[in-house]
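> Can you read through this structure? Questions will come right after.
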Amino acid sequence: MSEQPRVKQASIDQPLVDQPWIKSYPPGVRWDADIPLLPVQQILEDAAETWPNNSAVDFMGRKITYRELNDLANRAALGFQKLGVKPGVHVGLYLANTPHYLISLFGVLKAGGTLVNYSPLDAEKVLEHKIDDSETDFLVTLDLPTLYPQMGRLLGHTRLKKLIVGNIAEMTGQPEAVAAQMRAAKQVVDVPADDKHLTFQALLDNDGIYRSYPIADLTDAIAVLQYTGGTTGLPKGAMLTHANLSAATHQCLETTRTDPPVLELGKERVLAVLPPFHIYALTVNMLLGIRIGAELVLHTRFDADAIVRDLSEKKITAFPGVPTMFVAVINHPASATADLSSLKWCNSGGAPLPLEVQQNFEKLTGCNLAEGWGMTETSPTGTFTPTVNTPRPGSCGVPSPGITIKFLNVDDHKTYVPLGERGELCIRGANVMKGYWKRADATAAIMTEDGFMRTGDVGYMDADGYVYIVDRTKDMLLCGGFNVYPRTIEEAIYQHPSVEEVSVIGVRDDYRGQSPKAFIKLKNGATAFTLDELKAFLKDKLGKHEMIGAMDIRPELPKTAVGKLSKKELYDEEERKAASVKGAA
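Numbering (the working numbering), first residue to last: 560 to 1144.
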């Protein structure tokens, strides 16, 4: 009997295949499109020249035109330079979603500095680490109780030289009334008037004629230090260059250049509710929004009532969000009667999009809810969902223009697996970070010999180039010798009509090693169920090795700053519980 031919695996230096995803691209979108690399601040400057009188920002009763936004950024640039900001100097932003962020972002970059994003949800120890690790000398914040006190305490015993402190009222349509209202509600705190503090208005009190520093190498000059989350240890700073961020912006834009184009230049309204310190918001809301001359409708936080109202009344056309935001819109009582017909580009990122959520949102709005994959280290472009093709349930789309994706064997880390087989997703493109700040070791650990970055995500690619993320390598559970992926279980549980949100983690099991446990939030008014009832529902949807062993129904599930479900707190809680049981024994 003749020997059957074996599937040949690709070696590290041998491409897996050509680009199978190209045949899935919509008409008009090109994988080999020209992706211009430019200084990030030029994105605003070009928009101000093209659409000077268009509204760039809509915030609490005030509209700021593109000409005005660019002028404010110029004045911020000179203000920063008077403080000593120049190439090599790092400026932190510790802000809510207000115009201060946009003005400071472009002001720092125009001044020649590097931006460092800080999350308001970070513990003080993490903030202290980021300040010293990133070498942040100046930091912009607001006089809110959730922001200023933390940085005020760190001003004395870190390398911080000065805080620039703004207030929400100064950016609104009625500054005096808003200031009085916020003070009466104790929503602001007092800020010292000394040489370590500067008001935001004082920063802008100049003619805006700043010194411009040419950038010799866009692929080397760091525009933003963006710290990664990570479930263990202190966060690392991803060095995102001007080339990385401008490439990512144009990769996003290119995916919309269908025939006819999805987005019209100078005519869109973007709902900007994602927190600005998150890379997804930076690239998709702000940089892409400004690149297309859109009006950014800013919300300081996610409030479902306000979101549904603005989607309808302000005729929002673009809504980038995370799955939990779309779940909230779907389940909001006003959504059923609201006019959501203006929506034409909705994108879900930051976390896997459950199929049920995708289908229910499209049924509600008539707008396709596309899923994309990306990460901090990729600025964060990676994949996009072609809207003209038949939906592929569970897929996060195909590689974006200029991006190549392959899958590395998770056992030997030396060969790429064929199409259809699971492996670790590896990516290459102009959007991929320069490396980790001060961590050459960590950078080397995630790079392959042929220049791809290992992402830690497990998935596969089908014959048409569609990518399916199965799970994180570190989230993969080992149950009785079987690899079990929490996302598979979550997708099955989301099919239950009572479930609004679910997170599945692995808990210790003396027999199986690990056992899946589901944490569930029910829909409003939904009937609760028992573990056995849920198991019966899942029986034909999961393999025996995937079946959950425990369940916990809760009023809320922990979330990250950007609003995606977080498992870190659940793992910590289970570890403490296991330790206390062991101690009692």
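All C-beta atoms, glycine included, are put in the ideal place defined by N, C-alpha and C.
1) Please list, in chain order, all residues of the same chain as T791 whose beta carbon is under 8 Å from its beta carbon, the five residues on each side excluded.
2) Can you tell me which of V737, L722 and L830 puts its alpha carbon nearest to the alpha carbon of A728?
3) Once the 5 residues before and after I768 are set aside, which same chain residues still bring their CB inside 7 Å of it?
4) What do you reckon, are the CB atoms on L701 and T758 nearer than 9 Å?
5) Using the three-state DSSP reduction, which class does H659 fall into: helix, strand or coil?
6) Among V616, V957, T800 and H972, which has the Cα closest to the Cα of I1028?
7) In whole angstroms, give me the CA-to-CA distance for H659 and A752.
8) With distance defined between alpha-carbon atoms, name the residue in N906, G1065 and V1061 nearest to K1082.
9) Span of the alpha helix (DSSP H) holding R634?
10) Tell whether a beta-carbon distance below 9 Å holds between F1078 and L1036.
11) Could you tell me the distance, in whole angstroms, from the CA atom of K567 to the CA atom of G979?
12) Quick one: grab the DSSP three-state call for D577.
13) By how many angstroms is the C-alpha of P611 removed from the C-alpha of E627?
14) With 16 other CB atoms within 10 Å as the buried threshold, where does A775 fall?
15) Can you give the beta carbon distance from L784 to T800, rounded, assuming they're within the 8 Å contact cut?
16) Between L654 and P794, is the Cβ-Cβ spacing less than 9 Å?
17) K689 and G796 - do their beta-carbons sit closer together than 9 Å?
18) Can you list, in chain order, the residues of its chain with a C-beta nearer than 7 Å to that of F861? Leave out the 5 residues immediately preceding and following it.
19) Kindly indicate if chain B contains any beta-carbon less than 9 Å away from that of I964.
20) Considering only residues of the same chain and omitting the five flanking positions on each side of L631, which have a CB-CB separation below 6 Å?
21) Hey, K1080 and V1058: beta-carbon distance below 9 Å or not?
22) Have a look at D970, T963 and K973 and flag the residue whose alpha-carbon is nearest the alpha-carbon of R987.
23) Since V1174 is in the alpha helix (DSSP H), which residue starts that stretch and which ends it?
24) Taking 9 Å as the threshold (C-beta atoms), are A635 and L762 in contact?
25) Please report the straight-line C-alpha distance between E930 and F943, rounded to a whole angstrom.
26) In the DSSP assignment, find the unbroken beta strand (DSSP E) run with L1101 in it and report its ends.
27) According to DSSP, is L668 part of a helix, a strand, or is it coil?
28) Leaving out the 5 sequence neighbours to the left and right, which residues in its chain are closer than 6 Å to D577 when beta-carbon positions are compared?
29) Should A802 go down as buried or exposed, given a rule of 16 or more other Cβ atoms within 10 Å for buried?
30) Just to confirm the assignment: which complete alpha helix (DSSP H) runs, minimum length 4, are found wholly within the segment 803-852?
31) Here's a check: name, in chain order, each residue in its chain whose Cβ is nearer than 6 Å to the Cβ of L830, leaving out the five neighbours to either side.
32) When burial is assigned at 16 or more other CB atoms within 10 Å of the CB, is P939 buried or exposed?
33) Is the beta carbon of N726 sitting closer than 9 Å to the one on M710?
34) Where do the N-terminal and C-terminal ends of the beta strand (DSSP E) with P879 fall, by residue?
35) For D864, count neighbouring C-beta atoms within 10 Å of its own C-beta (all shown protein chains included) and say buried if the count is 16 or more, exposed if not.
36) I'd like the list of long-range same chain contacts for M1106, defined as Cβ closer than 7 Å, with 5 residues on each side in sequence excluded.
The structure says:
1) Counted from its first residue, the sequence shown places residue 791 at position 232. Caution is warranted here: a pLDDT of 45 is assigned to T791, below 50, making its placement in the model unreliable, and the coordinate value is therefore given only provisionally. Counting only Cβ-Cβ distances below 8 Å, and skipping sequence neighbours, we find nothing.
2) One-based indexing of the sequence shown puts residue 728 at position 169. It is V737 whose Cα lies nearest to the Cα of A728.
3) Position 209 of the sequence shown, counted from the start, is the residue given in the question as residue 768. Answer for I768: L637, listed in chain order.
4) For the purposes of this step, residue 701 is identified with residue 142 of the sequence shown, where counting begins at 1. For the purposes of this step, residue 758 is identified with residue 199 of the sequence shown, where counting begins at 1. Contact flag unset, no.
5) The count along the sequence shown starts at 1 and reaches residue 659 at position 100. Helix.
6) Locating residue 1028 in the sequence shown gives position 469, where the first residue counts as 1. When each option's Cα is compared against that of I1028, the closest is V957.
7) As a position in the sequence shown, residue 659 is number 100, starting the count at 1. As a position in the sequence shown, residue 752 is number 193, starting the count at 1. Near 20 Å, if we compare the C-alpha coordinates of A752 and H659.
8) Locating residue 1082 in the sequence shown gives position 523, counting from the first residue. Comparing Cα positions, the closest option is V1061.
9) As a first step, residue 634 is located in the sequence shown; it is residue number 75 there, counting from the start. Segment Y625 to L642, the alpha helix (DSSP H) holding R634.
10) Start at 1 with the first residue of the sequence shown, and residue 1078 comes out as number 519. Start at 1 with the first residue of the sequence shown, and residue 1036 comes out as number 477. It is not a contact, given that the beta carbons lie outside the stated cut-off.
11) Looking up residue 567 in the sequence shown gives position 8. Looking up residue 979 in the sequence shown gives position 420. Low local confidence applies: a pLDDT of 29 at K567 is under 50, so the model's placement there is unreliable, and no value is given.
12) As a first step, residue 577 must be located in the sequence shown, where it is residue number 18. Residue state, collapsed to three classes: coil.
13) For the purposes of this step, residue 627 is identified with residue 68 of the sequence shown, where counting begins at 1. For the purposes of this step, residue 611 is identified with residue 52 of the sequence shown, where counting begins at 1. Those two C-alpha atoms are separated by around 8 Å.
14) For the purposes of this step, residue 775 is identified with residue 216 of the sequence shown, where counting begins at 1. Exposed.
15) For this step, residue 784 is matched to residue 225 along the sequence shown. For this step, residue 800 is matched to residue 241 along the sequence shown. Actually they do not touch by this definition, with Cβ atoms about 11 Å apart.
16) On the sequence shown, residue 654 is found 95 positions in, with the first residue counted as 1. On the sequence shown, residue 794 is found 235 positions in, with the first residue counted as 1. Not a contact, by the Cβ cut-off of 9 Å.
17) Position 237 of the sequence shown, counted from the start, is the residue given in the question as residue 796. Position 130 of the sequence shown, counted from the start, is the residue given in the question as residue 689. In contact: G796 and K689 (Cβ atoms closer than 9 Å).
18) By one-based count along the sequence shown, residue 861 stands at place 302. If we look at F861 and ignore the five residues flanking it on each side, its Cβ neighbours are V832, M884 and G1122.
19) In summary, chain B is missing from the structure at hand, where a single protein chain is found.
20) For the purposes of this step, residue 631 is identified with residue 72 of the sequence shown, where counting begins at 1. Excluding sequence neighbours, L631 sits near I662.
21) Stepping through the sequence shown from its first residue, residue 1080 is reached at position 521. Stepping through the sequence shown from its first residue, residue 1058 is reached at position 499. It is a contact, given that the beta carbons lie within the stated cut-off.
22) Taking the first residue of the sequence shown as position 1, residue 987 is located at position 428. The option with the nearest alpha carbon to R987 is T963.
23) Because the chain here runs from 560 to 1144, residue 1174 falls outside it and cannot be looked at.
24) Your numbering for residue 762 matches position 203 in the sequence shown. Your numbering for residue 635 matches position 76 in the sequence shown. Yes, the pair counts as a contact, with Cβ atoms nearer than the cut-off.
25) Looking up residue 930 in the sequence shown gives position 371. Looking up residue 943 in the sequence shown gives position 384. Using only the alpha carbons, I get a separation of about 7 Å.
26) As a first step, residue 1101 is located in the sequence shown; it is residue number 542 there, counting from the start. Per DSSP, L1101 belongs to no beta strand (DSSP E) and is neither H nor E.
27) The residue given as residue 668 occupies position 109 in the sequence shown. Helix, per DSSP.
28) For this step, residue 577 is matched to residue 18 along the sequence shown. Contacts found: none.
29) By 1-based counting over the sequence shown, the position of residue 802 is 243. Answer is buried; the Cβ neighbour count reaches 16.
30) none
31) Position 271 of the sequence shown holds residue 830. The answer, listed in chain order, is V856, I875 and F878.
32) Residue mapping note: residue 939 aligns to position 380 of the sequence shown, counting from 1. It is buried - the Cβ of P939 has at least 16 other Cβ atoms within 10 Å.
33) Counted from its first residue, the sequence shown places residue 726 at position 167. Counted from its first residue, the sequence shown places residue 710 at position 151. No, these two residues do not count as a Cβ contact at 9 Å.
34) Residue mapping note: residue 879 aligns to position 320 of the sequence shown, counting from 1. It spans A877 to G880 - the beta strand (DSSP E) in which P879 sits, taken as one unbroken run.
35) Taking the first residue of the sequence shown as 1, we reach residue 864 at position 305. That one is exposed.
36) Reading the sequence shown from its first residue, position 547 is the one you call residue 1106. Result list for M1106: K1094 and L1097, in chain order.
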